[in-house]
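Working notes, structure below.
Residue numbers (our numbering): 2 to 429.
Laid out in structure tokens, this is it:
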């Protein structure tokens with residue numbers, strides 16, 4: 002964004018927070034990306050309006066539909082074939098694999114799933130034929146220093162249950178298929194046949210709903226890969242909190258309950274978890290982490306933009322619209338709202354405390370930015386002005402994966418981090 006807009010945003014931020022906090026370090030240089038927010042029958046969709054731009058040489062990778070998937074019942078919500086984008090590895094990375102699970106929310110009832118199947122999130126009919134590979138998917142060492150020459154795959158998300166649902170048959174009226182687990186299995190089987198069965202190193206990653214899926218499927222991925230391979234998992238913006246919303250209810254718990262029950266997710270959740278609590282709660286990472294055996298890296302912002310908008314202060318919990326402007330831009334928050342946001346951060350850190358203590362092989366990058374998904378964007382993954390906690394996200398993940406040193410970093414409270422790329426929203 003231009004310097005003028007950045008300075009205006011900074012002045013607004015200062016006015017909003019004046020008298021509320023005292024910042025421990027200088028709070029200048031905050032970078033923002035403007036996002037449009039559209040609400041419809043399928044929930045919240047984000048559309049980037051301005052911010053990161055990519056050079057003309059950015060790698061474009063075509064869509065591959067998974068052959069034989071339909072025979073396995075592995076189909077999108079509307080019955081079309083699922084797909085992925087793959088760019089082959091080379092040199093020292095030719096036998097290494099990175100699988101990125103696409104994100105994009107969920108559908109929790111017939112109405113929202115019917116809408117979803119008319120979009121790229123529910124049908125390959127509407128998917129882009131080619132997409133940009135940036136950030137963790139980039140093929141350039143200068144943009145992706147540790148994984149640039151690996152086999153890099155982006156598995157498209159078209160089921161609405163984090164690749165975890167599995168219902169026999171389909172809903173006849175309207176016709177819907179809940180087959181996320183089968184899509185996951187069909188994709189992995191296809192990739193194993195294309196050389197992943199010889200993998201020496203592998204990383205399962207994902208963003209948002211895909212970040213949740215990378216946790217849900219982490220141990221299964223380990224089991225499906227060669228025993229000799231080094232296998233780890235990365236969850237980006239997938240640490241969704243079971244928390245109280247601003248009305249005192251538990252909107253996200255209810256929402257996830259709809260997803261889990263309607264799409265037949267329960268049987269694919271860890272039995273060690275579902276035997277101890279309501280199965281719907283086992284869709285939340287904070288209850289899953291104790292049962293994950295494979296090394297896992299948690300990449301999340303402590304003020305996750307999606308969770309603030311649709312978990313902490315969804316419209317159904319904010320019936321008078323008191324949070325409307327605060328959740329779009331933190332510069333608009335009142336002192337009391339600001340304290341609620343700080344409480345959200347503390348809830349996130351409390352939920353991660355056990356992971357910090359018991360996971361010797363785990364990694365963590367929890368920065369205090371208003372953002373959502375940082376591994377796929379070049380400006381937040383690895384660039385001259387990327388967010389940092391001593392090092393960039395890419396460097397932190399790489400150091401953890403290759404065991405070059407400890408990599409559990411937690412930021413100070415907002416707004417002390419001047420390296421943030423904060424998402425500023427406007428209603429459409």
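We put the beta carbon where it would ideally sit given N, CA and C, even for glycine.
Might you give, ordered along the chain, the residues of its own chain that have their beta carbon closer than 6 Å to the beta carbon of residue i, omitting 5 neighbours on each side?
{"i": "residue 89", "result": "152"}
{"i": "residue 256", "result": "109"}
{"i": "residue 264", "result": "162, 166, 179"}
{"i": "residue 206", "result": "101, 215, 235"}
{"i": "residue 175", "result": "115"}
{"i": "residue 389", "result": "420"}
{"i": "residue 197", "result": "98"}
{"i": "residue 360", "result": "none"}
{"i": "residue 284", "result": "257, 261"}
Is residue i buried or exposed, if buried means 16 or more other CB atoms sit within 10 Å of its CB?
{"i": "residue 242", "result": "buried"}
{"i": "residue 233", "result": "buried"}
{"i": "residue 266", "result": "buried"}
{"i": "residue 228", "result": "exposed"}
{"i": "residue 286", "result": "buried"}
{"i": "residue 377", "result": "buried"}
{"i": "residue 135", "result": "buried"}
{"i": "residue 57", "result": "exposed"}
{"i": "residue 406", "result": "exposed"}
{"i": "residue 48", "result": "Per-residue confidence for residue 48 stands at a pLDDT of 38, beneath the threshold of 50, marking its modelled position as unreliable; the derived number appears in the next sentence. Exposed: under 16 other Cβ atoms inside 10 Å."}
{"i": "residue 279", "result": "exposed"}
{"i": "residue 397", "result": "buried"}
{"i": "residue 248", "result": "exposed"}
{"i": "residue 394", "result": "buried"}
{"i": "residue 41", "result": "Any reading at residue 41 needs caution, since the residue's pLDDT is 37, under 50, leaving its predicted position unreliable; the model's value is listed next. Exposed, by the Cβ-count rule."}
{"i": "residue 379", "result": "buried"}
{"i": "residue 111", "result": "exposed"}
{"i": "residue 142", "result": "exposed"}
{"i": "residue 355", "result": "exposed"}
{"i": "residue 191", "result": "buried"}
{"i": "residue 160", "result": "buried"}
My guess is that residue i and residue j are in contact by the Cβ rule of under 8 Å, so how many angstroms apart are they, rounded?
{"i": "residue 291", "j": "residue 362", "result": "That belief does not hold up - the Cβ atoms of residue 291 and residue 362 are roughly 14 Å apart, past 8 Å."}
{"i": "residue 316", "j": "residue 326", "result": "About 13 Å; that fails the 8 Å criterion."}
{"i": "residue 281", "j": "residue 258", "result": "4 Å"}
{"i": "residue 368", "j": "residue 421", "result": "7 Å"}
{"i": "residue 1", "j": "residue 313", "result": "This structure leaves residue 1 out entirely; the chain is present only between 2 and 429."}
{"i": "residue 75", "j": "residue 187", "result": "4 Å"}
{"i": "residue 305", "j": "residue 365", "result": "Incorrect: roughly 14 Å between the Cβ atoms, too far for contact."}
{"i": "residue 222", "j": "residue 155", "result": "Residue 222 to residue 155, Cβ: 15 Å. No contact."}
{"i": "residue 270", "j": "residue 303", "result": "About 26 Å separates the two Cβ atoms, so there is no contact after all."}
{"i": "residue 144", "j": "residue 403", "result": "Not a contact, Cβ separation roughly 18 Å."}
{"i": "residue 399", "j": "residue 147", "result": "4 Å"}
Note down, in chain order, each residue of its chain lying with its Cβ closer than 7 Å to the Cβ of residue i, except the 5 sequence neighbours on either side.
{"i": "residue 210", "result": "104, 105, 106, 107, 158, 163"}
{"i": "residue 82", "result": "66, 67, 70, 71, 76, 125"}
{"i": "residue 293", "result": "216, 219, 220"}
{"i": "residue 230", "result": "200, 201, 202, 203"}
{"i": "residue 328", "result": "309, 310, 314"}
{"i": "residue 348", "result": "242, 244"}
{"i": "residue 318", "result": "246, 247, 248, 250, 252"}
{"i": "residue 401", "result": "298, 364, 408"}
{"i": "residue 28", "result": "Confidence in residue 28 is poor, its pLDDT being 30 and thus under 50, which makes the residue's placement too unreliable to answer from."}
Mind checking which residues open and close the beta strand (DSSP E) that includes residue i?
{"i": "residue 366", "result": "364-368"}
{"i": "residue 151", "result": "Run containing residue 151: none; DSSP gives neither H nor E here."}
{"i": "residue 113", "result": "Segment 111-117 is the alpha helix (DSSP H) holding residue 113; no beta strand (DSSP E) there."}
{"i": "residue 234", "result": "231-237"}
{"i": "residue 323", "result": "No beta strand (DSSP E) contains residue 323, which DSSP labels as neither H nor E."}
{"i": "residue 410", "result": "409-411"}
{"i": "residue 158", "result": "Neither: residue 158 is in no beta strand (DSSP E) and is coded neither H nor E."}
{"i": "residue 84", "result": "84-88"}
Check whether chain B comes within 8 Å of residue i, counting only Cβ atoms and requiring the distance to be less than that.
{"i": "residue 232", "result": "Absent from the structure is chain B; it holds one protein chain and no more."}
Please work out which residues of its chain come closer than 8 Å, Cβ to Cβ, to residue i, disregarding the five sequence neighbours upstream and downstream, and give them in chain order.
{"i": "residue 225", "result": "189, 193"}
{"i": "residue 127", "result": "119, 120, 121"}
{"i": "residue 92", "result": "150"}
{"i": "residue 61", "result": "131, 132, 133, 134"}
{"i": "residue 208", "result": "101, 102, 103, 104, 237, 238, 239, 374, 376, 377"}
{"i": "residue 288", "result": "243, 274, 278, 282"}
For the alpha helix (DSSP H) containing residue i, list its first residue and its last residue.
{"i": "residue 339", "result": "336-359"}
{"i": "residue 65", "result": "No alpha helix (DSSP H) holds residue 65; the beta strand (DSSP E) holding it covers 61-66."}
{"i": "residue 263", "result": "252-263"}
{"i": "residue 204", "result": "No alpha helix (DSSP H) holds residue 204; the beta strand (DSSP E) holding it covers 202-208."}
{"i": "residue 305", "result": "Where residue 305 is concerned, there is no enclosing alpha helix (DSSP H), given that its DSSP letter is neither H nor E."}
{"i": "residue 131", "result": "From DSSP, residue 131 is part of no alpha helix (DSSP H) but of the beta strand (DSSP E) over 131-133."}
{"i": "residue 98", "result": "Here residue 98 belongs to no alpha helix (DSSP H); instead the beta strand (DSSP E) covers 97-102."}
{"i": "residue 1", "result": "Absent from the model: residue 1. The displayed extent of the chain is 2 to 429, so no value can be given."}
Any 3 or more C-beta pairs closer than 8 Å across the segment 181-201 and the segment 157-167: yes
Contact between the segment 335-345 and the segment 267-275 (3+ Cβ pairs under 8 Å): no
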